[in-house]
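A.B. asks: Residue numbers (my numbering): 1 to 152.
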DNA sequence: GCCAACGTTGGC
DNA sequence: GCCAACGTTGGC
């Protein structure tokens, strides 16, 4: 069982949007970075939990938790020329990009802001807080996961 | 294989 | 809107 953090811009897709989806389930598509792709494809397992992080938000921070309900499979939106995330390098025979399916698990009573996360000494080595880290999918250690839950 | 130019992310 | 930090592209 692994823990993760997944970023989304709430203007595009927020935790409330996920909560309001049929079955509270959605594809986590559109990841176009190889490091993040590898985690989606190879490491995320059914039943893993992930923080839903709101990026480019006011404020940015962790809004809640989702569960991985389907492991990595080809991101078919990369094959659709009319889609914003279309990538001609990806084909059905040789998919370049992968996605997982997630299900809404819970929304925190309040958002834990990036500022608060930075102020927690238990999180000082967290990937999210490292300078220049722009990955949209990150691994979270069990210790970090626990420390964040205690901040609610 | 190097690296400059360009594009993107995302905090502020 | 600015810009630092990265990732990608493509000429050589």
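Cβ atoms here follow ideal geometry from the backbone N, Cα and C, with glycine treated the same way.
These figures come from a predicted structure and were not determined experimentally.
(1) Return the first residue and the last residue of the beta strand (DSSP E) that residue 28 is part of.
(2) May I ask you to report which of helix, strand or coil DSSP gives residue 107?
(3) For residue 72, which residues of its own chain have a beta-carbon under 8 angstroms away from its beta-carbon, when the five flanking residues on both sides are left out?
(4) Using the three-state DSSP reduction, which class does residue 6 fall into: helix, strand or coil?
(5) Would DSSP call residue 13 helix, strand or coil?
(6) Give me, in chain order, the residues of the same chain whose beta-carbon lies closer than 6 angstroms to that of residue 55; leave out the 5 immediate sequence neighbours on both sides.
(7) Does DSSP put residue 42 in a helix, a strand or coil?
(8) Apart from the five residues on each side of it in sequence, which residues of its chain come closer than 7 angstroms, Cβ to Cβ, to residue 129?
(9) For residue 69, which residues of its own chain have a beta-carbon under 7 angstroms away from its beta-carbon, when the five flanking residues on both sides are left out?
(10) Between the C-alpha atoms of residue 52 and residue 22, what's the straight-line distance to the nearest angstrom?
(11) In terms of residue numbering, what span does the beta strand (DSSP E) encompassing residue 149 cover?
(12) Verify whether the separation of the beta carbon atoms of residue 83 and residue 77 is less than 8 angstroms.
C.D. replies: For this structure:
(1) 25-28
(2) strand
(3) Within the same chain, residue 72 has close Cβ partners 40, 41, 42, 44, 98, 99 and 100.
(4) strand
(5) coil
(6) 7 and 9
(7) helix
(8) Cβ neighbours of residue 129 beyond the five flanking positions: 117, 118 and 123.
(9) 25, 46, 101, 102 and 103
(10) Across the structure, residue 52 and residue 22 are spaced so that their CA atoms are roughly 18 angstroms apart.
(11) Where residue 149 is concerned, there is no enclosing beta strand (DSSP E), although the alpha helix (DSSP H) it sits in stretches over 142-149.
(12) yes
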